[in-house]
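Student: The letter at position 150 of the sequence shown is residue 150 when you use UniProt numbering, and the numbering goes up by one with no holes.
Got a structure for you, questions after.
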Amino acid sequence: MQDKTHLVDDITGHRRMRRNRKADWTRRLVQENRLTVDDLIWPIFIVPGSGIIDPIPAMPGVNRMSIDKAVEAAREAAGFGIPALATFPNIEMELRDETGSNSLEANNLINQATAAIKKAVPNIGVITDVALDPFTSHGHDGILRDGEIVNDETVDQVARAAVMQADAGADIIAPSEMMDGRIGAIRMALDAAGHQSVGIMSYATKFASAFYGPYREAISTGGLLKGDKKTYYIDPANGTEAIRDAALDVEEGADMLMVKPGLPYLDICWRMKEAFGLPTFAYQVSGEYTQIKAAAMNGWIDGERAMLETLLSFKRAGCDGILTYFAIEVAKILAKR
Numbered sequence: 001m002q003d004k005t006h007l008v009d010d011i012t013g014h015r016r017m018r019r020n021r022k023a024d025w026t027r028r029l030v031q032e033n034r035l036t037v038d039d040l041i042w043p044i045f046i047v048p049g050s051g052i053i054d055p056i057p058a059m060p061g062v063n064r065m066s067i068d069k070a071v072e073a074a075r076e077a078a079g080f081g082i083p084a085l086a087t088f089p090n091i092e093m094e095l096r097d098e099t100g101s102n103s104l105e106a107n108n109l110i111n112q113a114t115a116a117i118k119k120a121v122p123n124i125g126v127i128t129d130v131a132l133d134p135f136t137s138h139g140h141d142g143i144l145r146d147g148e149i150v151n152d153e154t155v156d157q158v159a160r161a162a163v164m165q166a167d168a169g170a171d172i173i174a175p176s177e178m179m180d181g182r183i184g185a186i187r188m189a190l191d192a193a194g195h196q197s198v199g200i201m202s203y204a205t206k207f208a209s210a211f212y213g214p215y216r217e218a219i220s221t222g223g224l225l226k227g228d229k230k231t232y233y234i235d236p237a238n239g240t241e242a243i244r245d246a247a248l249d250v251e252e253g254a255d256m257l258m259v260k261p262g263l264p265y266l267d268i269c270w271r272m273k274e275a276f277g278l279p280t281f282a283y284q285v286s287g288e289y290t291q292i293k294a295a296a297m298n299g300w301i302d303g304e305r306a307m308l309e310t311l312l313s314f315k316r317a318g319c320d321g322i323l324t325y326f327a328i329e330v331a332k333i334l335a336k337r
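Shown next, in the form of structure tokens:
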């Protein structure tokens with residue numbers, strides 16, 4: 001028999017990587033990571049009133065919604081199998097003050113939304129945030145005293161707000177304000193109120209990022225913000241500090257961990273999953289979303305492929321799920337496959 005060995009066979013030791021790529025069926029057999037609807041959490045923005053669907057200019061395809069429209073959105077999400085929503089309020093300016101006191105109103109906008117969604121669509125999860133930035137007149141995540149975001153007073157307040165959110169039906173509390181000790185304080189407050197089944201998804205590593213701008217427009221805090229958030233968010237240069245911060249949240253009782261933003265911090269996703277083994281999530285934040293949308297709208301990239309590729313990268317980095325404004329769009333695509 002004629003020897004058909006090629007130079008490439010000798011070079012590679014008869015190991016050819018392209019064998020497993022030669023056909024669609026082989027590629028599907030060896031695919032290491034898959035994106036499914038079970039990986040998606042859909043962040044939505046709530047406004048007062050009724051019948052409102054208000055497009056957000058900086059986030060094409062994303063709307064602020066009144067509670068009745070949010071309930072309709074929750075029904076749609078549940079119909080596609082999306083496991084959970086993350087809700088963020090845009091309250092009236094006259095209700096915002098230095099301490100974010102409206103966060104402690106049992107019947108505030110976020111709690112009304114939770115109660116309405118859980119009543120109408122009980123099989124979808126509702127994840128709520130206790131950071132004070134939607135409630136403060138200065139746009140910071142905590143209480144501002146003499147030019148400083150005070151840690152301990154803010155922790156006291158967010159722990160009380162967490163109980164009220166759980167009372168309203170929140171399934172998971174996701175504290176994003178990055179105060180020291182907040183996870184332990186919230187866990188103790190929830191347990192003392194009989195909410196042992198309410199989980200905590202810690203924003204374990206939230207970075208002082210340039211990618212939050214469109215979100216701040218969505219909740220109307222961008223024009224309010226005095227200074228920056230570098231005294232409580234993590235420096236983008238610091239990976240080891242981020243893991244130490246996450247470790248404290250694990251010790252304090254976090255059930256799940258989150259990395260925010262997502263794409264610029266895939267290394268942190270991987271390190272956090274490897275270090276702690278807890279369910280790990282990434283938040284594909286507004287700036288990440290808008291970059292893809294804007295480039296696609298200008299015809300510079302294939303928006304659908306870029307969207308799916310970036311979401312798959314989170315899975316490859318060890319994430320169990322992704323908070324993404326693409327959730328409904330992706331769910332519709334996946335439903336057709």
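Where is the CB? At the ideal position from N, CA and C, for every residue including glycine.
Give, in chain order, every unbroken run of the beta strand (DSSP E) that is at least 3 residues long and sits entirely within the stretch 82-163.
Tutor: For the stretch 82-163, whole beta strand (DSSP E) runs of length 3 or above, ordered along the chain, are 84-89, 125-128, 143-145 and 148-150.
Student: At a cut of 8 Å, does the stretch 129-147 reach the stretch 97-117 through at least three beta carbon pairs?
Tutor: Enough Cβ pairs lie closer than 8 Å, so yes.
Student: Do you know how far the Cα of residue 181 is from the Cα of residue 81?
Tutor: Approximately 35 Å, taken between the alpha carbons.
Student: Just to check my reading of the structure: residue 103 and residue 126 have Cβ atoms closer than 8 Å, yes? What is that Cβ distance to the nearest angstrom?
Tutor: Not really, about 17 Å apart at Cβ, beyond 8 Å.
Student: Assign residue 20 to one of three DSSP states: helix, strand, or coil.
Tutor: Looking at residue 20 - three-state DSSP - the assignment turns out to be helix.
Student: If residue 281 sits next to residue 201, beta carbons under 8 Å apart, how far is it from one beta carbon to the other, in whole angstroms?
Tutor: Yes, residue 281 and residue 201 are in contact; Cβ-Cβ is about 7 Å, under 8 Å.
Student: Per the DSSP calculation, residue 259 is bridged to which residue(s)?
Tutor: Answer is 205 and 282, bridged to residue 259.
Student: Taking only three categories from DSSP, how would you classify residue 199?
Tutor: Strand at residue 199.
Student: Helix, strand or coil: how does DSSP classify residue 303 here?
Tutor: Residue 303: helix per DSSP, three-state reduction.
Student: Taking buried to mean at least 16 other C-beta atoms within 10 Å of its own C-beta, is residue 165 buried or exposed?
Tutor: Classification of residue 165: buried, given that the 10 Å Cβ count is 16 or more.
Student: Which residue marks the beginning of the alpha helix (DSSP H) containing residue 55, and which one marks its end?
Tutor: Residue 55 -> not in any alpha helix (DSSP H); beta strand (DSSP E) instead, spanning 53-55.
Student: Mind checking residue 230: buried by the 16 CB within 10 Å criterion, or exposed?
Tutor: Exposed, by the Cβ-count rule.
Student: Leaving aside the five residues before and after residue 253 along the sequence, list all residues of the same chain whose C-beta is less than 8 Å from its C-beta, in chain order.
Tutor: So the qualifying residues of the chain are 183, 184, 187 and 200.
Student: Taking three-plus beta-carbon pairs below 8 Å as touching, is the stretch 13-32 in contact with the stretch 244-261?
Tutor: Judged by Cβ distances under 8 Å, the stretch 13-32 makes no contact with the stretch 244-261, as fewer than three pairs qualify.
Student: Considering Cα atoms alone, identify which of 220, 171 and 178 is closest to residue 197.
Tutor: Selected option, being the one with the closest Cα: 171.
Student: Nearest by alpha-carbon distance to residue 65: which of 149, 90 and 37 is it?
Tutor: Answer by Cα proximity: 90.
Student: Taking only the alpha-carbon atoms, compute the straight-line gap between residue 235 and residue 261 and give it to the nearest angstrom.
Tutor: Near 12 Å, if we compare the C-alpha coordinates of residue 261 and residue 235.
Student: To the nearest whole angstrom, what separates the beta carbons of residue 62 and residue 56, a pair I think is in contact under 8 Å?
Tutor: Residue 62 to residue 56, Cβ: 5 Å. Contact.
Student: Return yes when the Cβ of residue 268 is within less than 8 Å of the Cβ of residue 239, no when it is not.
Tutor: Yes, these two residues count as a Cβ contact at 8 Å.
Student: Go ahead and label residue 19 buried or exposed: buried means 16 or more other beta carbons lie within 10 angstroms of its beta carbon, across all protein chains shown.
Tutor: Under this definition residue 19 is an exposed residue.
Student: Do the CB positions of residue 122 and residue 88 come within less than 8 Å of each other?
Tutor: For residue 122 and residue 88, no; Cβs fall outside 8 Å.
Student: Between the C-alpha atoms of residue 216 and residue 34, what's the straight-line distance to the nearest angstrom?
Tutor: Cα to Cα, the separation comes out at about 32 Å.
Student: Per DSSP, residue 298 forms a beta bridge with which residues?
Tutor: Residue 298 is not bridged to any residue.
Student: Do you know offhand how far residue 100's Cα is from residue 113's?
Tutor: One C-alpha to the other measures close to 18 Å.
Student: Which residue wins for smallest C-alpha separation from residue 331, given the options 84, 120, 17 and 277?
Tutor: When each option's Cα is compared against that of residue 331, the closest is 84.
Student: Name the DSSP beta bridge partners of residue 43, please?
Tutor: Note: residue 43 sits in a beta bridge opposite 86.
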